[in-house]
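Visitor: Mind looking over this structure? Questions follow.
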């Protein structure tokens, strides 16, 4: 219990020290968006021939007529009070838009991470157990290839094989069929919401839509995870305590899972944290390929139509998610290896 | 290179013939990038609508796209642009990153800690998102893809150069150089940087693959390269519209080009690392 408390204290300290970074991201994105080419006031005026007064009015409404430092102060004040501005594209508050779309992105990313972990850890363990065997070479070959295929290409090829050739997957657009009825929104995660109302047909339909984008995202990150599992299992399998555990006649699964894997898991957790952050970036590509209604495709649309507020909100949201993930990694670290907190 | 190093390199190549294959692949790629426009069978830009969306055949080995342009010719011509983006981006971040990292590693202290913190934060952030925002902010042009890719690569080089210089800052030959009256700048530029260059070469090779994937991703989402310019990422993006009607060659061949290129750079990087530092073999 004391160790757990220490873990929390350490995680809390890490959280505080990441706040300046969050602030930095905020200012950075603000400045970045300020130098965007094109005048959003002109863009959002009623038409290309709209009068000067109308453009001026929109500019005033958006606060674009004030000096940049003053705009920054207003922006920081707004963010502090939970107001990320209004999207000119959808006409809604950015916080509302993001809240509606975040579950779709998280559901996709978390499913992909789950698929990646569930396949990568056993692959890495088996490769390490049979070092130099056919399995080992197979895993290493797969890892070398896996990091070379861009997510958007593997996603499209999965669509070709499973939708066009085999007809197993549904039309690769969006989270559900356009004609399907949505479950009442509780968590926003469709798989959970369908379960809560006991609609198993709906669950299956949503699952079928989810599996291809999740797979294409997972394919890209299986490689680093399997590689680190293999390397760190090799170290731990070669250690004295595993030799001792074997020599006292413990069953092999106990030696592998309880002793070797438990000690090898720390680097895997670290890489999982890094991989998660790459996946947040890869979301942009996968959501575009599968027309997934998540935050990344929302931000991309906003970006291409020089709509400042959603992009700033998106980058800030990504920074927040990433700080939370780092916290989780820290806590998992403490649980997996209590020595970390004492050191 | 001494004869011992050469012998060692030969031994590695025998043990790991893939490195040789990868080196040949990179060499071929460079040849294609240089001579591509002169060896292609068709014009990569001119459209020929009567031949649109033809599957691979003897006349068009990789098929034709929606405007009847030969996919194979476009792939070949695109190599130059894709390589140029990656090489210049990695070159810029290497040059700047090595110097910043070396200065930090050499001086240590508050500057080092500050830069180290900053680098840690930037590295953990979803870098593709940053690159996306930067390209949009700086302007939707190819040069800005290079700048954005260079900036998101920078932290890796700073960290790497810092670590490598830091372990060498107090070794004998550095002290000797200082005792001979060399200035700090001169110690860094003339002794420390050349010493860490081989290790950085590995980093460069591994990074080139990553830079190519990043640039292709950016042009896939519609940033940077504009049609009709042939580029692998944008070719995939154009082909994506036809994938659910079974026109696989529009996506598969540019994807294959990307994959093989990245694979060659990665394998070459691994191989060079084995030659330079046998201890780091995995």
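Chains as they are written, first to last, in my numbering: chain L, 1 to 343; chain A, 1001 to 1282. Just so it is clear, CB atoms sit at the ideal spot from N, CA and C, and this is done for glycine as well. Given the structure is predicted, the values throughout are model-derived calculations rather than measurements.
Name the two residues that bound the continuous alpha helix (DSSP H) containing residue 69 of chain L.
Guide: The residue labelled residue 69 of chain L in the question sits at position 69 within the first chain. From DSSP, the alpha helix (DSSP H) with residue 69 of chain L extends over 68-80.
Visitor: To which residues does DSSP link residue 229 of chain L through a beta bridge?
Guide: Your numbering for residue 229 of chain L matches position 229 in the first chain. Answer by DSSP bridge pairing: none, since residue 229 of chain L is not bridged.
Visitor: Would you mind telling me which residues of chain A sit closer than 7 Å to residue 153 of chain L, beta carbon to beta carbon, in chain order?
Guide: Taking the first chain and counting its residues from 1, the one referred to as residue 153 of chain L is at position 153. Ordered by position in chain A, the residues that pass the 7 Å Cβ test against residue 153 of chain L are 1236, 1251, 1255, 1258.
Visitor: Measuring only between beta-carbons, confirm whether residue 143 of chain L sits less than 7 Å from chain D.
Guide: No chain D appears in the structure shown, which is made up of the protein chains L and A.
Visitor: Excluding sequence positions up to five away, which residues of its chain have a Cβ less than 7 Å from the Cβ of residue 1122 of chain A?
Guide: For the purposes of this step, residue 1122 of chain A is taken as residue 122 along the second chain, with counting starting at 1. Within the same chain, residue 1122 of chain A has close Cβ partners 1155.
Visitor: Mind listing the chain L neighbours of residue 1221 of chain A? Cutoff is C-beta to C-beta under 7 Å, in chain order.
Guide: Reading the second chain from its first residue, position 221 is the one you call residue 1221 of chain A. Correct list: 284, 285, 288, 300.
Visitor: Under 7 Å, do residue 1236 of chain A and residue 1225 of chain A count as touching if we go by C-beta distance?
Guide: For the purposes of this step, residue 1236 of chain A is identified with residue 236 of the second chain, where counting begins at 1. For the purposes of this step, residue 1225 of chain A is identified with residue 225 of the second chain, where counting begins at 1. In this structure, residue 1225 of chain A does not lie closer than 7 Å to residue 1236 of chain A by Cβ.
Visitor: Between the alpha carbons of residue 1008 of chain A and residue 1275 of chain A, how many angstroms are there, rounded?
Guide: Within the second chain, numbered from 1, the residue matching residue 1008 of chain A stands at position 8. Within the second chain, numbered from 1, the residue matching residue 1275 of chain A stands at position 275. Cα-Cα distance, rounded: 7 Å.
Visitor: Please confirm if the region 306-313 of chain L is in contact with the region 1260-1275 of chain A, defined as three or more CB-CB distances below 8 Å between the two stretches.
Guide: Counting Cβ pairs under 8 Å, fewer than three are found: no touch.
Visitor: Give me the Cα-Cα distance between residue 1196 of chain A and residue 224 of chain L, rounded to the nearest whole angstrom.
Guide: Here residue 1196 of chain A refers to the residue found at position 196 of the second chain. Here residue 224 of chain L refers to the residue found at position 224 of the first chain. So the two alpha carbons sit approximately 26 Å from each other.
Visitor: So does the region 91-103 of chain L actually touch the region 289-296 of chain L, counting three or more Cβ pairs closer than 8 Å?
Guide: Result yes; three or more Cβ-Cβ pairs closer than 8 Å.
Visitor: Where does the unbroken alpha helix (DSSP H) through residue 137 of chain L begin, and where does it stop?
Guide: As a position in the first chain, residue 137 of chain L is number 137, starting the count at 1. Per DSSP, residue 137 of chain L belongs to the alpha helix (DSSP H) from 134-146.
Visitor: How is residue 7 of chain L classed by DSSP in three states: helix, strand or coil?
Guide: Translated into the one-based positions of the first chain, residue 7 of chain L becomes position 7. In this structure, residue 7 of chain L counts as helix in the three-state DSSP scheme.
Visitor: Do we get a CB-CB distance below 7 Å when we pair residue 303 of chain L with the residues of chain A?
Guide: For the purposes of this step, residue 303 of chain L is taken as the residue at position 303 of the first chain. Cβ-Cβ to chain A under 7 Å: yes for residue 303 of chain L.
Visitor: If you draw a straight line from the alpha carbon of residue 1282 of chain A to that of residue 228 of chain L, how long is it in whole angstroms?
Guide: For this step, residue 1282 of chain A is matched to residue 282 along the second chain. For this step, residue 228 of chain L is matched to residue 228 along the first chain. Unreliable positioning characterises residue 1282 of chain A in this predicted model, as indicated by a pLDDT of 46, which lies under 50. A coordinate reading is not provided.
Visitor: Could you pull out every residue in the same chain whose Cβ sits closer than 6 Å to the Cβ of residue 1136 of chain A, ignoring the five residues on either side in sequence?
Guide: Translated into positions along the second chain, residue 1136 of chain A becomes position 136. No residues qualify anywhere along the chain.
Visitor: Residues of the region 1127-1141 of chain A with a CB closer than 7 Å to any CB of chain L: list them in chain order, please.
Guide: Here the close residues are 1127, 1128, 1129, 1132, 1133, 1134, 1136, 1137, 1139.
Visitor: Just mark residue 1128 of chain A as buried or exposed, buried being the case when its beta carbon has 16 or more other beta carbons within 10 Å.
Guide: Taking the second chain and counting its residues from 1, one reaches residue 1128 of chain A at position 128. Answer is buried; the Cβ neighbour count reaches 16.
Visitor: Select from the region 153-169 of chain L all residues with a C-beta closer than 7 Å to any C-beta belonging to chain A, and list them in chain order.
Guide: Of all residues in the region 153-169 of chain L, 153, 156, 157, 159, 160, 163, 164 have a Cβ within less than 7 Å of some Cβ in chain A.
Visitor: Compare the Cα-Cα distances from residue 1267 of chain A to each of A:1227, A:1210, A:1232 and report the closest residue.
Guide: Translated into positions along the second chain, residue 1267 of chain A becomes position 267. Checked all of A:1227, A:1210, A:1232; the closest Cα to residue 1267 of chain A is A:1210.
Visitor: When the cut-off is 7 Å and only beta carbons count, does residue 295 of chain L lie next to chain A?
Guide: The sequence position of residue 295 of chain L within the first chain is 295, counting from 1. So no, residue 295 of chain L is outside the interface.
Visitor: Quick check: is the beta carbon of residue 281 of chain L nearer than 7 Å to any beta carbon in chain A?
Guide: Here residue 281 of chain L is taken as the residue at index 281 of the first chain, counted from 1. Cβ-Cβ to chain A under 7 Å: yes for residue 281 of chain L.
Visitor: Measure the alpha-carbon distance for residue 1233 of chain A versus residue 1256 of chain A and round it to whole angstroms.
Guide: Position 233 of the second chain, counting from 1, holds the residue named residue 1233 of chain A. Position 256 of the second chain, counting from 1, holds the residue named residue 1256 of chain A. Spanning the two alpha carbons is a distance of roughly 11 Å.
Visitor: Just the C-alpha distance for residue 302 of chain L and residue 1148 of chain A, rounded to the nearest angstrom, thanks.
Guide: Position 302 of the first chain, counted from the first residue, corresponds to residue 302 of chain L. Position 148 of the second chain, counted from the first residue, corresponds to residue 1148 of chain A. Distance between the alpha carbons of residue 302 of chain L and residue 1148 of chain A: 19 Å.
Visitor: Which class does residue 1069 of chain A belong to by DSSP, given the choice of helix, strand or coil?
Guide: For the purposes of this step, residue 1069 of chain A is taken as residue 69 along the second chain, with counting starting at 1. It is coil, neither helix nor strand.
Visitor: What is the residue span of the alpha helix (DSSP H) that residue 1037 of chain A lies within?
Guide: One-based indexing of the second chain puts residue 1037 of chain A at position 37. 1017-1039 is the span of the alpha helix (DSSP H), which, as asked, contains residue 1037 of chain A.
Visitor: Could you check what DSSP says for residue 342 of chain L in three-state terms: helix, strand or coil?
Guide: Within the first chain, residue 342 of chain L is the residue found at index 342, counting from 1. Note that residue 342 of chain L has pLDDT 46, beneath the 50 cutoff, so the model's placement of it is unreliable and the number below is only indicative. Residue 342 of chain L falls in the helix class under three-state DSSP.
Visitor: Is it a yes or a no for the region 154-163 of chain L touching the region 75-92 of chain L, going by three-plus beta-carbon pairs under 8 Å?
Guide: Verdict: no, contact absent.
Visitor: Name, please, each residue of chain A whose Cβ falls closer than 8 Å to the Cβ of residue 172 of chain L.
Guide: Indexing the first chain from 1 puts residue 172 of chain L at position 172. Ordered by position in chain A, the residues that pass the 8 Å Cβ test against residue 172 of chain L are 1244.
Visitor: How close, in whole Å, do the beta carbons of residue 283 of chain L and residue 109 of chain L come, if the pair is a contact with beta carbons under 8 Å?
Guide: Sequence index remark: in the first chain, residue 283 of chain L carries index 283 (1-based). Sequence index remark: in the first chain, residue 109 of chain L carries index 109 (1-based). With a Cβ gap of about 6 Å, residue 283 of chain L and residue 109 of chain L count as contacting.
Visitor: Quick check on the burial criterion: 16 or more other C-beta atoms within 10 angstroms. Buried or exposed for residue 1153 of chain A?
Guide: Here the question's residue 1153 of chain A lines up with position 153 in the second chain. Buried, by the Cβ-count rule.
Visitor: Here's a check: name, in chain order, each residue in its chain whose Cβ is nearer than 7 Å to the Cβ of residue 337 of chain L, leaving out the five neighbours to either side.
Guide: Counted from its first residue, the first chain places residue 337 of chain L at position 337. Here the set comprises 266.
Visitor: Give the residues of chain L in contact with residue 1213 of chain A, contact being defined as C-beta atoms less than 7 Å apart.
Guide: The residue given as residue 1213 of chain A occupies position 213 in the second chain. Those within 7 Å of residue 1213 of chain A in chain L are 150.
Visitor: Could you check whether the Cβ of residue 1189 of chain A sits closer than 7 Å to any Cβ belonging to chain L?
Guide: By one-based count along the second chain, residue 1189 of chain A stands at place 189. Taking Cβ atoms only, chain L never reaches closer than 7 Å to residue 1189 of chain A, which makes this a no.
Visitor: Which of the three DSSP states, helix, strand or coil, is assigned to residue 175 of chain L?
Guide: On the first chain, residue 175 of chain L is found 175 positions in, with the first residue counted as 1. Reduced to three states, the DSSP call for residue 175 of chain L is coil.
Visitor: Run down chain L in chain order and give the residues with a C-beta less than 8 Å from the C-beta of residue 1266 of chain A.
Guide: If you number the second chain from 1, residue 1266 of chain A lands on position 266. Per Cβ cutoff of 8 Å: 144, 147, 148.
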